[in-house]
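The structure under discussion appears below in the form of structure tokens.
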Amino acid sequence: MLKKELGYEVRKILFGKDRGIKKEVITGYATSFDGTQIWFRKVSPVKKIDDKTPPLVLSNGIGTTIRYWRYVEDYISDITDVVVWDYRGHGRSGAPKSEDVSMNALAKDMKAVCDELEIKEGIFGGFSMGVQVILEFFRLFPNMVKGLIPALGPYEHPAKYFLDFPLMEIILKTTAKLVFFNPQRAQKIWSRLMTVSLAFRLGKVVGLISERLFFLNPLLAHADDFTEYFENLRKMDITVFFKMALESQAHSAEDVLPKISVPTLVIIGENDIFTPKYVQLKMAEKIKNSEVLMLPKGSHGGLVEHAELVCLRIEKFIRDHFSSQSRNDQVNGTKQQ
């Protein structure tokens with residue numbers, strides 16, 4: 000069942016003003032391949048400037064909901080449809096109906112959302128683990144993908160690169176074993192640790208020492224950027240988190256990269272410790288004619304730290320490649336050749 004409403008999306012924190020664009024908001028659930036209920040939201044401008052611009056469909060990081068895409072959703076929905084959704088076992092989506100929490104399953108969940116909204120083709124953006132999800136989606140449904148925006152995430156084996164620490168994969172697997180051995184106790188400890196105030200105070204102290212040593216750069220981010228992230232983690236089933244983390248670690252889309260020929264914008268955090276910039280630059284090099292946005296001093300949370308820069312660059316990317324004018328230019332260029 001879809002819920003539809005009209006409203007003005009007002010977030011003065013972005014660009015410091017109310018743009019007053021009237022929008023249509025649709026929320027609902029899609030039933031995925033194994034019966035899991037996947038929550039989604041589509042925000043659209045009531046009056047579209049260009050009806051031919053494909054929708055932008057956004058995937059999150061593990062343990063996150065739509066929070067880190069909030070500014071992009073708000074700004075880009077001025078010009079085209081923007082779809083956000085929660086992973087299985089995350090946020091407003093249902094618990095997985097099967098044991099499958101692989102990148103393949105998440106890509107199929109996104110396909111279910113697209114089917115529910117009758118989206119035949121689109122631009123697909125992914126944050127953190129969402130990069131793996133959109134690359135897996137490209138592997139499964141290449142004809143649906145008109146553009147890609149991989150942001151602050153790897154194309155394979157994330158623990159391999161985290162902190163550039165060679166033992167991180169072993170630490171992940173060992174921690175997962177402890178969690179699975181006593182999930183009830185692990186859940187209690189997890190819930191106590193995931194408090195916003197403690198995390199942000201720690202981040203401020205660490206950030207003053209080094210801007211590189213935290214998930215978000217606390218000198219650039221706002222306290223409320225932490226709130227929903229840690230609240231969602233606190234409520235999340237810890238076993239689902241670690242099962243998905245292990246699936247993410249086992250996954251690689253390196254073989255997909257040379258096959259990508261659609262317009263691609265790679266967003267990189269200069270100081271990202273989760274996915275170091277050299278990993279994302281390597282991905283960009285493997286994707287033909289990809290474009291790169293480097294976020295100065297940006298951490299893994301660069302989408303909210305540099306919200307205005309990210310939004311403006313994505314808008315330019317969409318207008319350059321998907322507007323009616325850009326399509327006409329491409330056709331005329333082809334004819335001239």
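As numbered in numbering that gives the first Met the number 0, residues 0 to 336 make up the sequence shown, in order.
For glycine and all other residues, C-beta sits at the position ideal for the given N, C-alpha and C.
Leu116 places its beta carbon 9 Å or farther from that of Phe32. As the crow flies, the alpha-carbon of Leu55 is around 14 Å from that of Asp114. Here Thr274 really is in contact with Gly152; their C-beta atoms are around 5 Å apart, less than 8 Å. Within its own chain, the residues whose Cβ lies closer than 8 Å to the Cβ of Ser251, once the five positions on either side in sequence are excluded, are Tyr154, Glu155, His156, listed in chain order. Excluding its 5 nearest sequence neighbours in each direction, Leu232 has C-beta neighbours in its own chain below 6 Å: Gly62, Met193, listed in chain order. Assigned with DSSP and collapsed to three states, Ala150 falls in strand.
Shown here for Ser43: same chain residues with a beta carbon closer than 7 Å to its own, the five before and five after excluded, namely Lys22, Glu23, Ser76, Asp80 in chain order. CA-to-CA, the gap between Gly121 and Trp189 works out to about 37 Å. Proximity of the segment 262-269 to the segment 278-292 meets the contact definition, three or more beta-carbon pairs being nearer than 8 Å. Going by C-alpha positions, Ser127 is about 31 Å away from Ile48.
Assigned with DSSP and collapsed to three states, Phe136 falls in helix. Judged by beta-carbon spacing, Ala158 lies within the 9 Å limit of Ala244, meaning their Cβ atoms are closer than that value. When C-alpha distances from Asp254 are compared across Ile237, Phe140, Ile286, the shortest belongs to Ile286. Here Arg191 is exposed, its C-beta having fewer than 16 other C-beta atoms within 10 Å.
In this chain, the beta strand (DSSP E) harbouring Ile25 covers 21-30.
Note on geometry: alpha-carbon atoms of Lys46 and Leu147 lie some 25 Å from one another. In this structure, DSSP gives Lys51 a state outside helix and strand, which the three-state scheme calls coil.
With the rule of 3 Cβ pairs closer than 8 Å, the segment 227-242 counts as touching the segment 57-72. Closest by C-alpha distance to Ala94, out of Lys234, Glu304, Gly301, is Lys234. Bounds of any beta strand (DSSP E) do not take in Pro182; it lies within the alpha helix (DSSP H) bounded by 182-192. According to DSSP, Trp38 shares a beta bridge with Tyr28. Each of Thr52, Ser97, Arg138, Gly34 was checked against the Cα of Arg318, and the nearest Cα belongs to Thr52. Under the 10 Å beta carbon count, Pro149 is surrounded by 16 or more other beta carbons and is classified as buried.
With contacts defined as CB atoms closer than 9 Å, Ile37 and Ala106 fail to qualify as a contacting pair.
When DSSP states are grouped into helix, strand and coil, Lys46 belongs to the coil group. The beta carbons of Glu246 and Met102 sit closer together than 9 Å. The alpha carbon of Gly129 has as its nearest neighbour, out of Asn142, Arg87, Lys315, Glu98, the alpha carbon of Arg87. In this structure, Ile313 sits near Tyr74, with a CB-CB distance shorter than 9 Å. Its Cα nearest to that of Asp236, the residue Val100 stands out among Val100, Ala29, Val82, Thr30.
Where Met293 is concerned, the enclosing beta strand (DSSP E) starts and stops at 290-294. The DSSP-derived three-state label of Lys145 is strand. If you draw a straight line from the Cα of Lys176 to the Cα of Tyr160, it comes to about 21 Å. Counting only the Cα atoms, Gly268 lies some 11 Å from Leu280. Rounded to the nearest whole angstrom, the CA to CA distance from Arg69 to Ile169 is 34 Å.
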